[in-house]
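Structure first, then comments.
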């Protein structure tokens, strides 16, 4: 089994990498450039027990950490000083962990790498099955970005090793019955509250800002008034043509027999349905293969001339079309349901001007970047209407928040005078809403500011009144009317779930404590923290 899987990995590793890295292109361009090394930033290498970590070992760990960040966030990578510092520290921790794992003799086989890769959601189709087609779609990008199989495989190995080390360290964790009981009781308690909302009113009801206020707000919030980046591309479309596919009676018969459990009707009744489905499936596969073949002809190395998109299209007898200017939120009107088309267009750069095949309902597109208009701050003359709208909306919300805080103070004064929460609200002309009883463990409630309200309720006794809680559309305050302890049956039903939760929390606590001890034992020295570069406004 090991030999079979290892051979499979060697044959298909390029496609495996391609499928996973579809969402990671922008980050990997930065990730694997030489100018992003420790030396080029002028940062000293960190030290363990007084000795610098070798540059190669540190850079390998740093790349792995950044890769995991890109995977977890879908390719979003903040280019900030704080992020770079966090990345630096996590890379040091990765070095420490891998060294400790080596001391413990933790190893990862090729078979384990294969199984891990096959389990990743990025490689699964709508039915949750491993989909080799997803490998193929990234092969071009993989070559263009010069990401080696060895680098990515090393990332996978490190993920498995660190996870195994964490499991080893956390095996001492326990969850006692008393811990479970103490944690379970407040989370299963039924809480009934009454709340009063203060929603943002009509922005037109607040005073119009003066020219001076508009100018001041614009200067303080220029980055809010940025014209979005625009792009123009040209493209070819490889259509899905079911009519071009010949489906024999034998094809229909075999499909019917292989999928007999799907049908309640006899073959004669579903024959045309099967024939149409097979034709559609084969046409999609054929279109995808042809689009991939076309895109492969556009692959070029940095020292090679850029292929002529139109000439390649002519060889494939595919018409070339051009879009007008479009943004990331308003794509070309001629492309129906063009979210993937737009995403592919905005992933293109001068150094990576051609896209992979982009799937659509009626075919596959391959794009070439023509022009870009960078985003830029609009002058006040163009942004004035947006500035006024934001100012009015802000003032309307501030008015709602202030009204809520003022009402809360008056309610508290009434309660001090001996009234209940509901009596105080009635005296002030407020209309509290009594919510359905909830617990902290339930998924959600219909109360505005749901999570913040439930967390605040945990700290309040019966009759207690909350602080003012801001929400997306104003804010609210509430009082706890009633607390009902959970029944023994409810405690019993939820005990396995709570046991698992407490056990996981204890494992995490042990792991974090062990990490802190390991960090101290290794005498980690990160060196002087560099100062952030001045912003354009400062410079």
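Residue numbers (our numbering): 263 to 801.
C-beta: ideal position from N, C-alpha, C; glycine also.
Identify the continuous alpha helix (DSSP H) that holds residue i and give its terminal residues.
| i | result |
| --- | --- |
| residue 491 | From DSSP, residue 491 is part of no alpha helix (DSSP H); its letter is neither H nor E. |
| residue 711 | Taken as a continuous stretch (DSSP letters only), residue 711 belongs to no alpha helix (DSSP H), as it is neither H nor E. |
| residue 455 | It is not in any alpha helix (DSSP H) - residue 455 instead sits in the beta strand (DSSP E) that spans 452-461. |
| residue 517 | 511-520 |
| residue 550 | 529-558 |
| residue 758 | 750-783 |
| residue 502 | Here residue 502 belongs to no alpha helix (DSSP H), and DSSP marks it neither H nor E. |
| residue 663 | 642-678 |
| residue 376 | 372-381 |
| residue 357 | 343-365 |
| residue 609 | 601-609 |
Cα separation between residue i and residue j?
| i | j | result |
| --- | --- | --- |
| residue 290 | residue 418 | Low local confidence applies: a pLDDT of 39 at residue 290 is under 50, so the model's placement there is unreliable, with the coordinate-based value given in what follows. Going by the C-alpha atoms only, they are around 15 Å apart. |
| residue 782 | residue 323 | 20 Å |
| residue 631 | residue 594 | 14 Å |
| residue 778 | residue 308 | 17 Å |
| residue 717 | residue 451 | 13 Å |
| residue 590 | residue 608 | 7 Å |
| residue 378 | residue 325 | 19 Å |
| residue 673 | residue 707 | 25 Å |
| residue 496 | residue 638 | 24 Å |
| residue 371 | residue 319 | 21 Å |
| residue 723 | residue 780 | 42 Å |
| residue 489 | residue 606 | 20 Å |
| residue 785 | residue 342 | 27 Å |
| residue 301 | residue 321 | With a pLDDT of 43 at residue 301, under the threshold of 50, the modelled position of this residue cannot be trusted, and the question is left open. |
| residue 424 | residue 439 | 30 Å |
| residue 390 | residue 383 | 8 Å |
| residue 398 | residue 375 | Confidence in residue 398 is poor, its pLDDT being 47 and thus under 50, which makes the residue's placement too unreliable to answer from. |
| residue 646 | residue 665 | 28 Å |
| residue 685 | residue 711 | 24 Å |
| residue 588 | residue 597 | 11 Å |
| residue 714 | residue 787 | 39 Å |
| residue 676 | residue 725 | 13 Å |
Considering only the alpha carbon of each residue, which of the options lies closest to residue i?
| i | options | result |
| --- | --- | --- |
| residue 691 | 669, 609, 359 and 699 | 669 |
| residue 538 | 514, 599, 343 and 560 | 514 |
| residue 635 | 448, 498 and 493 | 493 |
| residue 500 | 510, 535, 689 and 548 | 548 |
| residue 650 | 616, 474, 742 and 707 | 474 |
| residue 702 | 731, 477 and 760 | 760 |
| residue 743 | 699, 755, 730 and 624 | 699 |
| residue 449 | 776, 588, 633 and 720 | 720 |
| residue 543 | 509, 584, 653 and 531 | 509 |
| residue 557 | 580, 675 and 640 | 580 |
| residue 709 | 723, 737 and 686 | 737 |
| residue 660 | 689, 735 and 644 | 735 |
| residue 561 | 614, 355 and 687 | 614 |
| residue 310 | 358, 466 and 327 | 358 |
| residue 652 | 522, 380 and 479 | 479 |
| residue 350 | 362, 327 and 366 | 327 |
| residue 563 | 601, 534, 388 and 616 | 616 |
| residue 624 | 314, 317, 633 and 498 | 498 |
Assuming contact is defined by CB atoms lying nearer than 8 Å, are residue i and residue j in contact in what I supplied?
| i | j | result |
| --- | --- | --- |
| residue 789 | residue 306 | yes |
| residue 696 | residue 454 | yes |
| residue 627 | residue 603 | yes |
| residue 468 | residue 694 | no |
| residue 435 | residue 768 | yes |
| residue 814 | residue 421 | This structure cannot speak to residue 814, because the chain is shown only from 263 to 801. |
| residue 582 | residue 559 | no |
| residue 487 | residue 648 | yes |
| residue 683 | residue 353 | no |
| residue 730 | residue 667 | yes |
| residue 704 | residue 446 | no |
| residue 426 | residue 368 | yes |
| residue 681 | residue 689 | yes |
| residue 437 | residue 765 | yes |
| residue 791 | residue 347 | yes |
| residue 642 | residue 629 | no |
Note the first and the last residue of the continuous beta strand (DSSP E) segment covering residue i.
| i | result |
| --- | --- |
| residue 583 | 582-584 |
| residue 738 | 736-746 |
| residue 731 | 731-733 |
| residue 635 | 625-635 |
Distance cutoff 8 Å, beta carbons only. Does residue i sit that close to anything in chain D?
| i | result |
| --- | --- |
| residue 320 | Going by chain labels, chain D is absent from the structure shown, which holds only one protein chain. |
Would you call the segment 560-574 in contact with the segment 508-524, where contact means no fewer than 3 C-beta pairs closer than 8 Å? These segments do not touch.
Counting Cβ pairs closer than 8 Å, one from the segment 497-509 and one from the segment 473-484, do we hit at least three? Taking 8 Å as the limit for Cβ pairs, the verdict is that the segment 473-484 does not touch the segment 497-509.
Take every Cβ of the segment 454-474, pair it with every Cβ of the segment 749-760, and state whether three or more of those distances are shorter than 8 Å. Taking a cut-off of 8 Å on C-beta distances, the segment 454-474 does not touch the segment 749-760, as fewer than three cross pairs fall below it.
Please determine if the segment 547-562 and the segment 615-624 are in contact, where contact requires at least 3 C-beta pairs separated by less than 8 Å. Three or more Cβ pairs closer than 8 Å define a contact, and the segment 547-562 meets that threshold against the segment 615-624.
For the segment 430-445 and the segment 763-780, state whether three or more C-beta atom pairs, one from each stretch, are separated by less than 8 Å. When Cβ pairs closer than 8 Å are counted between the two stretches, the segment 430-445 is seen to touch the segment 763-780, the count reaching three or more.
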